[in-house]
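Colleague: Can you keep this structure in mind? I'll have questions shortly.
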Amino acid sequence: MSEIVLPGDAVGVVEEYLGEGFVYEHNGVLRAATVGFVHRDTSKHLLKVVRSGRTPNVPTKGDVVYGVVSDAKPKMVVVDIVSMDKKVFQPPFTALLPISMISTERVESADSLYTESDIVIAKVESTSSPFILSTKGSEFGVILARCRNCGSMLESDTKILICPNCGAKDRRKLSSNYILKRHGGVSKSGESFGNNRKDS
Amino acid sequence: MSESVVLITQDGVRLDGRRIDELRPVKMQVGVLKNCSGSAYIEQGKTKILVAVQGPREAHPKHIALPGRAILRTRYHMAPFSTDERKSPAPSRREVELSKVIREALEPALFLEEYPKTVIDVFIEVLQADAGTRSAGITAASIALAEAGIPMRDLVTAVAVGKVGGKVVLDLNEAEDEHGEADMPIAMMPSLNKITLLQLNGRLTRQELEEGVNLVKKGIKELYSLQKQALRARFSGAQVEV
Numbered sequence: 001m002s003e004i005v006l007p008g009d010a011v012g013v014v015e016e017y018l019g020e021g022f023v024y025e026h027n028g029v030l031r032a033a034t035v036g037f038v039h040r041d042t043s044k045h046l047l048k049v050v051r052s053g054r055t056p057n058v059p060t061k062g063d064v065v066y067g068v069v070s071d072a073k074p075k076m077v078v079v080d081i082v083s084m085d086k087k088v089f090q091p092p093f094t095a096l097l098p099i100s101m102i103s104t105e106r107v108e109s110a111d112s113l114y115t116e117s118d119i120v121i122a123k124v125e126s127t128s129s130p131f132i133l134s135t136k137g138s139e140f141g142v143i144l145a146r147c148r149n150c151g152s153m154l155e156s157d158t159k160i161l162i163c164p165n166c167g168a169k170d171r172r173k174l175s176s177n178y179i180l181k182r183h184g185g186v187s188k189s190g191e192s193f194g195n196n197r198k199d200s
Numbered sequence: 001m002s003e004s005v006v007l008i009t010q011d012g013v014r015l016d017g018r019r020i021d022e023l024r025p026v027k028m029q030v031g032v033l034k035n036c037s038g039s040a041y042i043e044q045g046k047t048k049i050l051v052a053v054q055g056p057r058e059a060h061p062k063h064i065a066l067p068g069r070a071i072l073r074t075r076y077h078m079a080p081f082s083t084d085e086r087k088s089p090a091p092s093r094r095e096v097e098l099s100k101v102i103r104e105a106l107e108p109a110l111f112l113e114e115y116p117k118t119v120i121d122v123f124i125e126v127l128q129a130d131a132g133t134r135s136a137g138i139t140a141a142s143i144a145l146a147e148a149g150i151p152m153r154d155l156v157t158a159v160a161v162g163k164v165g166g167k168v169v170l171d172l173n174e175a176e177d178e179h180g181e182a183d184m185p186i187a188m189m190p191s192l193n194k195i196t197l198l199q200l201n202g203r204l205t206r207q208e209l210e211e212g213v214n215l216v217k218k219g220i221k222e223l224y225s226l227q228k229q230a231l232r233a234r235f236s237g238a239q240v241e242v
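Going down the list, the protein sequences come from chains E and L.
The numbers in full-length UniProt numbering rise by one with no breaks, and the one at position 99 of the first sequence is 99.
The numbers in full-length UniProt numbering rise by one with no breaks, and the one at position 59 of the second sequence is 59.
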């Protein structure tokens with residue numbers, strides 16, 4: 001394995017390499033911008049510093065995150081990203097879920113499919129704040145929701161949600177991993193999510 | 001200067017036996033705390049400082065967030081037991097000022113534009129003060145930031161020079177700081193040869209200033225190599241918790 005480099009270490013010169021990743025150029029010298037390892041591709045003249053150790057706890061494009069809906073409007077849903085993998089964001093990162101990113105099907109109104117306090121699983125589509133989320137795809141969407149009338153946890157029955165307390169029926173952009181199934185079933189992902197919450 | 005205190009002999013030997021160009025014994029450790037993004041501990045003579053870095057996190061309240069870059073928020077704080085007389089734990093005027101100058105010394109080294117609308121917190125806790133706390137704080141903060149994975153142009157290393165008994169000396173201790181004629185802390189990005197902080201308390205001639213800067217460069221070179229050693233030790237698997 002190549003030697004560890006530290007911020008400021010000279011790793012190459014611009015005449016020889018094109019820097020990628022955590023590399024910056026200063027007066028013709030390529031320097032490392034983080035603690036990491038150098039990878040040199042001499043055939044393509046590419047030089048890359050790959051970060052080793054800790055990565056800042058910030059969502060990036062392509063990450064799958066858990067969030068709580070803090071506001072739902074007709075054209076857009078505001079989601080607080082609370083965790084990703086085993087990382088917890090404290091305070092949460094604010095993200096937007098535009099109506100066009102909710103589903104592959106036509107959506108008349110975002111607030112008909114999401115409401116405040118819904119717990120969602122979504123994919124990050126932008127690299128910096130405000131993070132844009134997408135729930136397109138069967139695995140993304142609401143994984144736990146409360147009844148709009150009485151506040152009880154809703155149970156999923158195929159494509160609709162039913163309140164076990166008041167019997168109200170509701171619709172959401174449901175994830176295939178919705179936690180509470182009708183007749184007391186709990187999805188595998190639901191158990192996993194519950195464990196994640198205990199960890200936090 | 002007090003006449004009764006002999007801070008340096010004619011041979012150039014200081015009160016604690018050091019020569020004029022000698023640093024106090026320095027010890028650095030990286031990754032000493034588990035609940036933060038990055039941390040470091042430094043002992044420079046009798047000065048002991050613990051630094052913790054948190055973030056990048058979403059900036060709160062939201063109106064402080066900057067659209068194009070992260071905010072660096074630095075808190076320099078002296079523990080009530082860090083001085084011979086109890087220090088009030090409330091932030092003093094001096095601590096607020098030092099928090100600002102330390103932030104300005106660290107900012108040029110960081111690629112803050114990588115994390116817009118976020119905040120990076122640096123907490124510098126002085127556990128025991130024996131002069132040189134701002135420079136030791138900067139030295140430790142930069143390695144804690146590197147451990148946190150924040151992209152940086154270079155590490156920042158700082159040390160003070162001063163004038164004691166008419167001679168320019170490196171890395172003042174408490175007695176030299178109190179009874180000396182001048183104190184000049186300097187922070188640098190050593191690989192880029194750039195100064196990020198220079199303060200001067202007292203008076204120096206032009207020649208003494210140049211002599212001081214040269215002494216600082218020598219001291220910073222030694223501290224920079226210790227910073228690198230500490231980071232290498234952390235990332236080669238050795239981790240110490242206090």
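Where is the CB? At the ideal position from N, CA and C, for every residue including glycine.
Predicted model only: the values in this text are computed from it and were never measured.
By Cβ distance below 6 Å, which residues in the same chain neighbour E:Lys169 in space, the five residues on each side in sequence not counted?
Modeller: Closer than 6 Å at Cβ, skipping near neighbours: Ile160 and Ile162.
Colleague: Out of curiosity, what's the CA-to-CA distance linking L:Glu58 and E:Arg172?
Modeller: Spanning the two alpha carbons is a distance of roughly 28 Å.
Colleague: Which residue from E:Gly8, E:Val29 and E:Thr34 puts its Cα closest to that of L:Pro151?
Modeller: Cα-wise, what sits closest to L:Pro151 is E:Thr34.
Colleague: Under 7 Å between C-beta atoms, does residue 249 of chain L make it to chain E?
Modeller: Any answer about residue 249 of chain L is impossible in this case: the structure gives chain L only from 1 up to 242.
Colleague: Using a Cβ-Cβ cut-off of 7 Å, state whether L:Ser191 counts as contacting chain E.
Modeller: So, interface residue.
Colleague: Between the stretch 145–156 of chain L and chain E, which residues of the former have CB atoms less than 9 Å from a CB of the latter, in chain order?
Modeller: Going along the stretch 145–156 of chain L in chain order, one finds Leu145, Ala146, Glu147, Ala148, Gly149, Ile150, Pro151, Met152, Arg153, Asp154 and Leu155 with a Cβ nearer than 9 Å to chain E.
Colleague: Any beta-carbon of chain L closer than 7 Å to the one on E:Gly21?
Modeller: Output row for E:Gly21: interface = no.
Colleague: Comparing alpha-carbon positions, which option in E:Ala110, E:Val78, E:Met101 and E:Phe140 lies nearest E:Val65?
Modeller: It is E:Phe140 whose Cα lies nearest to the Cα of E:Val65.
Colleague: Just to check my reading of the structure: L:Pro190 and L:Lys221 have Cβ atoms closer than 8 Å, yes? What is that Cβ distance to the nearest angstrom?
Modeller: Confirmed, Cβ separation roughly 7 Å.
Colleague: Measure the Cβ-Cβ separation of E:Val68 and E:Asp85 and say whether it is below 7 Å.
Modeller: Contact: no.
Colleague: To the nearest angstrom, report how far apart E:Gly21 and L:Ala129 are at their CA atoms.
Modeller: Approximately 40 Å between the Cα atoms of the pair.
Colleague: Please list, in chain order, all residues of the same chain as E:Ser138 whose beta carbon is under 6 Å from its beta carbon, the five residues on each side excluded.
Modeller: Taken in chain order, the residues that qualify are Ser176.
Colleague: For E:Glu125 and E:Leu133, which I take to be in contact (beta-carbon distance under 8 Å), what is that distance rounded to the nearest angstrom?
Modeller: So it is a contact: roughly 6 Å between Cβ atoms.
Colleague: Thinking C-beta only, is L:Ala182 closer than 7 Å to L:Gly162?
Modeller: For L:Gly162 and L:Ala182, yes; Cβs fall inside 7 Å.
Colleague: So if I threshold CB-CB distances at 9 Å, which residues from the stretch 113–132 of chain L count as touching chain C?
Modeller: Looking at the structure shown, chain C is missing, and the protein chains on hand are E and L.
Colleague: Is L:Ala233 helix, strand or coil when you go by DSSP?
Modeller: Correct three-state label for L:Ala233: helix.
Colleague: Along the stretch 24–47 of chain E, what residues have a CB closer than 8 Å to any CB found in chain L?
Modeller: Of all residues in the stretch 24–47 of chain E, Tyr24, His26, Arg31, Ala33, Thr34 and Val35 have a Cβ within less than 8 Å of some Cβ in chain L.
Colleague: Who are E:Ser134's beta bridge partners in DSSP?
Modeller: The partner list for E:Ser134 (beta bridge, DSSP) reads E:Lys123.
Colleague: Mind checking if L:Phe81 is an interface residue toward chain E, Cβ cutoff 7 Å exclusive?
Modeller: Not closer than 7 Å to any Cβ of chain E, the Cβ of L:Phe81 fails to qualify, so no.
Colleague: Using only alpha-carbon positions, find the residue among E:Ser129, E:Arg182 and E:Asp41 that is nearest to E:Leu154.
Modeller: Checking every option, the nearest Cα to that of E:Leu154 belongs to E:Arg182.
Colleague: Provide the residue span of the alpha helix (DSSP H) that contains L:Ala140, from first to last.
Modeller: From DSSP, the alpha helix (DSSP H) with L:Ala140 extends over Thr133 to Glu147.
Colleague: Tell me where the beta strand (DSSP E) around L:Val96 begins and ends.
Modeller: Element bounds for L:Val96: not the beta strand (DSSP E) but the alpha helix (DSSP H), Arg93 to Leu106.
Colleague: Smallest Cα separation from E:Gly36: which of L:Val51, L:Leu223, L:Ala146 and L:Leu110?
Modeller: That would be L:Ala146, whose Cα lies nearest to the Cα of E:Gly36.
Colleague: Beta carbon of L:Ala40, beta carbon of L:Ala140: below 7 Å?
Modeller: Yes, these two residues count as a Cβ contact at 7 Å.
Colleague: Which value, in whole angstroms, describes the spacing of the CA atoms of L:Thr118 and L:Ile20?
Modeller: Approximately 44 Å, taken between the alpha carbons.
Colleague: Taking E:Ile4 as the query, report the chain L residues whose CB atoms sit under 9 Å from its CB, ordered along the chain.
Modeller: Leu231, Arg232, Phe235 and Ser236, listed in chain order.
Colleague: One question on the structure: do E:Gly53 and E:Leu30 come within less than 7 Å of each other, judged by their Cβ atoms?
Modeller: Not in contact: E:Gly53 and E:Leu30 (Cβ atoms no closer than 7 Å).
Colleague: Under a three-way DSSP split, which group does E:Val107 fall into?
Modeller: DSSP places E:Val107 in coil when its eight states are reduced to three.
Colleague: Here's the rule: buried if 16 or more other CB atoms are within 10 angstroms of the residue's CB, otherwise exposed. What is E:Val82?
Modeller: When all chains shown are included, E:Val82 counts as buried.
Colleague: Please report how far the alpha carbon of L:Arg14 lies from the alpha carbon of E:Gln90, in whole angstroms.
Modeller: Distance between the alpha carbons of L:Arg14 and E:Gln90: 49 Å.
Colleague: Beta carbons nearer than 8 Å to chain E: which residues of the stretch 29–55 of chain L have them?
Modeller: Those residues of the stretch 29–55 of chain L that come within reach of chain E (Cβ to Cβ, closer than 8 Å) are Ser37, Gly38 and Gly55.
Colleague: Contact between the stretch 34–54 of chain L and the stretch 120–128 of chain L is defined here as three or more beta-carbon pairs at a separation below 8 Å; is this criterion met?
Modeller: Judged by Cβ distances under 8 Å, the stretch 34–54 of chain L makes contact with the stretch 120–128 of chain L, as three or more pairs qualify.
Colleague: Where does the unbroken alpha helix (DSSP H) through L:Asp177 begin, and where does it stop?
Modeller: Glu174 to His179 is the span of the alpha helix (DSSP H), which, as asked, contains L:Asp177.
Colleague: If you count every other CB in all the chains shown that lies within 10 Å of the CB of E:Glu191, and 16 or more means buried, which is it?
Modeller: Model confidence at E:Glu191 stands at a pLDDT of 46, short of 50, so the residue's coordinates are unreliable and nothing is read from them.
Colleague: Return yes when the Cβ of L:Ser142 is within less than 7 Å of the Cβ of L:Pro185, no when it is not.
Modeller: No. Outside cutoff.
Colleague: Between L:Val32, L:Asp171 and L:Gly165, which lies nearest to L:Val159 when the distance is taken from Cα to Cα?
Modeller: Checking every option, the nearest Cα to that of L:Val159 belongs to L:Asp171.
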